[in-house]
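Protein chains: 2
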Amino acid sequence: MESGPRGGSRPAEPGPCLSSQCGADQAASASVLSAAGAEPGSRTLAVAAVLPAGGCGERMGVPTPKQFCPVLERPLISYTLQALERACWIKDVVVVVTEENMQAMENIIQKYKHKSISLVEAGVTRHRSIFNGLRALADNRLNSKLSKPEVVIIHDAVRPFFDEDILLKVVTAAKEHGCSDYDLEFGTECLQLALKYCHIKAKLVEGSPDLWKVTYKRDLYAAESIIKERISQEICIVMDPKENEEHIGHLLEEILKTELNHVQVTSQALYNAGSDIQQINLEQCYNFVCVNVKTPDFRETQKLLSMLEESNFSLLYPIVVVSAHFLDFKLVSPSQKMESLMWIREFAKEMRKKNILLYGLLINHSQDEQKLQENLRQGAIIITALIKERNSALIGQLLVA
Amino acid sequence: MESGPRGGSRPAEPGPCLSSQCGADQAASASVLSAAGAEPGSRTLAVAAVLPAGGCGERMGVPTPKQFCPVLERPLISYTLQALERACWIKDVVVVVTEENMQAMENIIQKYKHKSISLVEAGVTRHRSIFNGLRALADNRLNSKLSKPEVVIIHDAVRPFFDEDILLKVVTAAKEHGCSDYDLEFGTECLQLALKYCHIKAKLVEGSPDLWKVTYKRDLYAAESIIKERISQEICIVMDPKENEEHIGHLLEEILKTELNHVQVTSQALYNAGSDIQQINLEQCYNFVCVNVKTPDFRETQKLLSMLEESNFSLLYPIVVVSAHFLDFKLVSPSQKMESLMWIREFAKEMRKKNILLYGLLINHSQDEQKLQENLRQGAIIITALIKERNSALIGQLLVA
Numbered sequence: 320m321e322s323g324p325r326g327g328s329r330p331a332e333p334g335p336c337l338s339s340q341c342g343a344d345q346a347a348s349a350s351v352l353s354a355a356g357a358e359p360g361s362r363t364l365a366v367a368a369v370l371p372a373g374g375c376g377e378r379m380g381v382p383t384p385k386q387f388c389p390v391l392e393r394p395l396i397s398y399t400l401q402a403l404e405r406a407c408w409i410k411d412v413v414v415v416v417t418e419e420n421m422q423a424m425e426n427i428i429q430k431y432k433h434k435s436i437s438l439v440e441a442g443v444t445r446h447r448s449i450f451n452g453l454r455a456l457a458d459n460r461l462n463s464k465l466s467k468p469e470v471v472i473i474h475d476a477v478r479p480f481f482d483e484d485i486l487l488k489v490v491t492a493a494k495e496h497g498c499s500d501y502d503l504e505f506g507t508e509c510l511q512l513a514l515k516y517c518h519i520k521a522k523l524v525e526g527s528p529d530l531w532k533v534t535y536k537r538d539l540y541a542a543e544s545i546i547k548e549r550i551s552q553e554i555c556i557v558m559d560p561k562e563n564e565e566h567i568g569h570l571l572e573e574i575l576k577t578e579l580n581h582v583q584v585t586s587q588a589l590y591n592a593g594s595d596i597q598q599i600n601l602e603q604c605y606n607f608v609c610v611n612v613k614t615p616d617f618r619e620t621q622k623l624l625s626m627l628e629e630s631n632f633s634l635l636y637p638i639v640v641v642s643a644h645f646l647d648f649k650l651v652s653p654s655q656k657m658e659s660l661m662w663i664r665e666f667a668k669e670m671r672k673k674n675i676l677l678y679g680l681l682i683n684h685s686q687d688e689q690k691l692q693e694n695l696r697q698g699a700i701i702i703t704a705l706i707k708e709r710n711s712a713l714i715g716q717l718l719v720a
Numbered sequence: 320m321e322s323g324p325r326g327g328s329r330p331a332e333p334g335p336c337l338s339s340q341c342g343a344d345q346a347a348s349a350s351v352l353s354a355a356g357a358e359p360g361s362r363t364l365a366v367a368a369v370l371p372a373g374g375c376g377e378r379m380g381v382p383t384p385k386q387f388c389p390v391l392e393r394p395l396i397s398y399t400l401q402a403l404e405r406a407c408w409i410k411d412v413v414v415v416v417t418e419e420n421m422q423a424m425e426n427i428i429q430k431y432k433h434k435s436i437s438l439v440e441a442g443v444t445r446h447r448s449i450f451n452g453l454r455a456l457a458d459n460r461l462n463s464k465l466s467k468p469e470v471v472i473i474h475d476a477v478r479p480f481f482d483e484d485i486l487l488k489v490v491t492a493a494k495e496h497g498c499s500d501y502d503l504e505f506g507t508e509c510l511q512l513a514l515k516y517c518h519i520k521a522k523l524v525e526g527s528p529d530l531w532k533v534t535y536k537r538d539l540y541a542a543e544s545i546i547k548e549r550i551s552q553e554i555c556i557v558m559d560p561k562e563n564e565e566h567i568g569h570l571l572e573e574i575l576k577t578e579l580n581h582v583q584v585t586s587q588a589l590y591n592a593g594s595d596i597q598q599i600n601l602e603q604c605y606n607f608v609c610v611n612v613k614t615p616d617f618r619e620t621q622k623l624l625s626m627l628e629e630s631n632f633s634l635l636y637p638i639v640v641v642s643a644h645f646l647d648f649k650l651v652s653p654s655q656k657m658e659s660l661m662w663i664r665e666f667a668k669e670m671r672k673k674n675i676l677l678y679g680l681l682i683n684h685s686q687d688e689q690k691l692q693e694n695l696r697q698g699a700i701i702i703t704a705l706i707k708e709r710n711s712a713l714i715g716q717l718l719v720a
């Protein structure tokens with residue numbers, strides 16, 4: 320699908336004139352500019368991105384500009400930056416923000432350890448802001464650490480959901496179709512003027528429904544649900560094989576696999592406290608169930624928590640840890656066991672500060688095989704709910720299955 | 320804003336040609352047809368609605384057609400029907416469904432007690448389906464209980480969020496601008512043809528962002544969040560004033576008011592089991608906290624639950640009931656209290672069948688005023704989370720604050 324500068328449907332709202340629109344929800348998220356002289360070829364192109372983030376989000380109905388609205392307690396723009404970082408061929412990212420949000424943006428970059436980001440002050444309009452971002456890339460004097468790119472991706476700060484393939488398509492399109500009359504040094508007075516007078520060829524790049532833009536409050540709800548779903552795709556069951564925990568652990572694993580047929584459930588053993596963290600494939604996993612059967616209460620859980628604390632993997636997403644305890648309610652009253660587990664509440668408060676959500680789960684380890692299966696299934700339902708909701712108000716609670 | 324039949328932007332997708340579009344998210348949700356001879360005036364117009372619901376929802380990425388997708392366990396189309404029912408001046412609603420979904424639709428109408436609904440079989444295209452719906456209204460022989468309307472609202476089954484004011488505007492616009500060359504009896508061969516050949520005047524009615532259409536899976540997430548938010552706007556605290564529960568009940572009320580500054584918190588007394596249900600303004604409220612202090616455990620909660628069961632108010636939305644129990648943890652071990660409260664789990668399973676979500680909450684009734692305040696605040700946070708999430712996996716759990 321190709322369209323000339325004026326082809327296709329009219330943009331529904333002010334935006335970069337070089338962006339290609341293909342319907343409200345399938346719009347290509349990024350417009351691209353390639354500098355004069357950038358030739359398509361096998362060598363690696365120097366690619367940069369400009370994120371206009373100077374908007375005030377008046378349609379959102381909340382006082383915070385939408386790019387700074389928290390999603391799972393992290394500002395939306397941080398998710399967009401994280402997605403751009405995954406495309407390691409993007410050398411620099413320029414975020415354009417208003418003066419009043421400059422410090423807040425610096426704090427976000429520092430807190431979430433975003434790399435290769437430069438901040439530039441927004442202009443009066445969105446086009447002026449993009450211009451400021453482009454000038455920062457073109458003008459080496461302004462910021463010596465930025466290198467002049469051959470292709471610039473202009474991406475909405477409030478479109479956190481896209482994948483690298485789409486970006487690559489956009490960059491490829493820029494190389495093949497892009498902007499031969501366009502010069503980063505001199506041509507960026509206004510993108511609208513460039514479009515009007517330079518007859519820049521625009522290429523429509525097919526997007527995916529995920530590219531949608533967070534505009535209304537309901538979009539924040541949807542974004543939060545999508546992110547929760549994405550980080551709930553893998554559960555790791557941690558147990559100590561030396562202590563005969565394997566049997567019950569694997570039973571729980573099987574039931575979780577049945578309950579959550581789209582979720583990958585793996586099990587891991589922690590051999591020693593302080594052992595090599597690489598034993599667990601933590602990087603892909605934000606959900607852990609720690610099986611404590613014969614070992615003293617919380618020993619396995621504490622080992623895991625120490626590892627998680629050291630790793631800092633909870634920086635970007637809250638990690639759920641369910642400390643599962645097994646007890647035959649016929650032999651010992653669950654309330655007695657509860658007494659000994661009550662300190663999980665204080666412990667959970669400490670973990671909360673590190674973005675780790677700790678919950679307790681007491682499962683009736685019935686000698687009746689059928690009852691045990693039912694209790695494990697109930698436990699799996701509770702674990703699933705805790706992982707899906709990631710509700711920080713319920714940390715430290717001791718749930719019963 | 321007025322536009323002729325071909326004015327404005329092109330519809331993004333197939334739809335009734337008479338619908339007026341004003342952008343992806345602010346599109347007027349309903350198109351209207353007024354029959355020849357319908358005069359604007361002070362007398363009440365006979366208004367009916369046609370809901371084309373024959374789509375298969377291929378963009379949703381789930382096998383169920385989107386209008387039947389569950390939101391808080393109730394099919395989306397039931398919310399749309401409920402919203403139409405609130406406009407009592409709409410006499411008849413015709414839902415157009417495919418043959419294979421006819422029985423499912425009948426079950427929905429019966430289960431959720433929707434009134435004045437007729438079912439008509441869908442055509443091959445959306446336009447044909449609308450035609451079938453209109454013909455059912457025009458042709459008294461087909462269904463004798465339907466009266467011939469003067470204005471027909473055509474409304475997407477997957478737009479559950481609109482208010483009566485918007486509908487009234489649409490109907491008013493139909494009266495003033497509408498369709499004078501148009502005749503329900505003879506003119507509805509195809510709406511597209513009617514538009515093309517009859518030069519029907521179309522009137523653009525300004526919509527609200529709430530009118531958006533559930534199209535993608537993320538829209539279902541958003542719909543669920545919006546509905547959860549709407550039914551969490553009021554909390555009723557129930558207590559027995561004769562048993563000196565008022566003090567602690569009002570303390571909790573004050574803290575809930577502080578924690579939830581947008582939520583209306585009221586308190587009510589239940590005098591006798593089986594007393595007049597009208598004592599509590601149940602109809603607006605889907606959230607209850609039952610304070611049990613000096614009374615035997617669960618007495619207040621049981622009274623309330625009996626009333627709720629009788630009322631059937633949980634038909635449309637799940638009702639949250641938090642049974643709050645106070646105990647000085649220094650005097651009595653919380654685990655002992657837990658023992659006596661454990662049967663809440665079985666009780667909650669029974670209530671679940673009636674769409675009532677019952678949770679237990681044990682609050683440390685410390686003699687230290689400051690500690691009590693902190694515990695109540697913690698209790699309020701837990702109550703808020705339970706109400707907001709409405710998580711059926713956690714029913715019957717006994718949480719501790």
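Respectively, the protein sequence lines represent chains B and C.
Quick note: to get the numbering used here, add 319 to the position in the first sequence (first position is 1).
Quick note: to get the numbering used here, add 319 to the position in the second sequence (first position is 1).
Note that the Cβ used here is the ideal one computed from N, Cα and C, for glycine as well.
Query, Result
"Contacting residues, own chain, Cβ-Cβ under 6 Å from residue 476 of chain B (five flanking each side not counted)", "370, 372, 386, 396 and 399"
"Chain-ordered chain B contacts of residue 398 of chain C [CB-CB under 7 Å]", "Per Cβ cutoff of 7 Å: no residues; residue 398 of chain C is ~14 Å from chain B at best."
"Simplified DSSP state of residue 391 of chain C, which is helix, strand or coil", "coil"
"Within the region 617 to 662 of chain B, ranges of the beta strand (DSSP E) (whole runs, at least 3 residues)", "638 to 646"
"Short-range partners of chain B found in the region 534 to 546 of chain C, where Cβ spacing is below 9 Å", "534, 535, 536, 537, 538, 539, 540, 541, 542, 543, 544 and 545"
"Inter-residue spacing [alpha-carbon to alpha-carbon] between residue 427 of chain B and residue 389 of chain B", "11 Å"
"Nearest-angstrom Cα separation, counted from residue 685 of chain C out to residue 648 of chain C", "7 Å"
"Neighbour flag for residue 603 of chain B against chain C, beta carbons, 7 Å", "no"
"Members of the region 646 to 664 of chain B near chain C, C-beta cut-off 8 Å", "652, 653, 654, 655, 657, 658, 661 and 664"
"Extent of the continuous alpha helix (DSSP H) run through residue 690 of chain B", "688 to 708"
"Residue 673 of chain B versus residue 667 of chain B: straight-line alpha-carbon distance, rounded", "10 Å"
"Residue 581 of chain B burial status per 10 Å Cβ neighbour count (16 or more: buried)", "exposed"
"Buried/exposed call for residue 422 of chain C, threshold 16 Cβ in 10 Å", "exposed"
"Interface flag, residue 716 of chain C vs chain B, CB-CB below 7 Å", "yes"
"Within-7 Å CB hit, residue 580 of chain B to chain C", "no"
"Own chain, CB closer than 7 Å to residue 618 of chain B, minus 5 neighbours either side, in chain order", "611"
"Neighbour-count burial assignment, residue 468 of chain B, 16 or more Cβ in a 10 Å radius", "buried"
"Proximity below 7 Å, CB of residue 604 of chain C to CB of residue 623 of chain C", "no"
"Closer than 9 Å at the beta carbon, the chain B residues around residue 608 of chain C", "Going along chain B, no residue has its Cβ under 9 Å from residue 608 of chain C, so there is no contact; the nearest lies around 15 Å."
"Nearest-angstrom Cα separation, counted from residue 630 of chain B out to residue 367 of chain B", "30 Å"
"Contact set for residue 662 of chain B: own chain, Cβ-Cβ below 8 Å, skip 5 residues either direction", "none"
"Cβ contact check for the region 401 to 415 of chain C and the region 567 to 585 of chain C: 3 or more pairs under 8 Å", "no"
"Proximal residues of chain B, C-beta to C-beta of residue 436 of chain C below 7 Å", "Result: empty, since nearest Cβ-Cβ is about 27 Å, beyond 7 Å."
"Under 9 Å from the C-beta of residue 554 of chain C: neighbouring residues of chain B", "Neighbours of residue 554 of chain C on chain B: none; closest Cβ ~15 Å, over 9 Å."
"Assigned secondary structure, residue 579 of chain C (DSSP; H/G/I helix, E/B strand, else coil)", "coil"
"Rounded separation between residue 656 of chain C and residue 670 of chain B - CA only", "27 Å"
"Straight-line gap, residue 607 of chain B to residue 641 of chain B (C-alpha atoms, nearest Å)", "6 Å"
"Proximity test, Cβ basis, 7 Å: residue 708 of chain C and chain B", "yes"
"Segment limits, beta strand (DSSP E) that includes residue 372 of chain B", "Looking at the DSSP string, residue 372 of chain B is not in any beta strand (DSSP E), and its letter there is neither H nor E."
"Neighbourhood of residue 434 of chain C by C-beta, 7 Å cutoff - its chain only, sequence neighbours within 5 removed", "404"
"Chain-order list of residues whose beta-carbon lies under 6 Å from that of residue 576 of chain C (same chain, five-residue window excluded)", "584"
"Bounding residues of the beta strand (DSSP E) (the contiguous stretch that carries residue 675 of chain C)", "675 to 683"
"Through-space distance from residue 712 of chain B to residue 700 of chain C, alpha-carbon basis", "6 Å"
"Backbone secondary structure at residue 552 of chain C - three-state DSSP", "coil"
"Alpha-carbon to alpha-carbon, residue 720 of chain C and residue 693 of chain C", "9 Å"
"Nonlocal neighbours in the same chain, by C-beta distance under 8 Å from residue 431 of chain C, ignoring five residues either side", "393, 397, 400, 401, 634 and 635"
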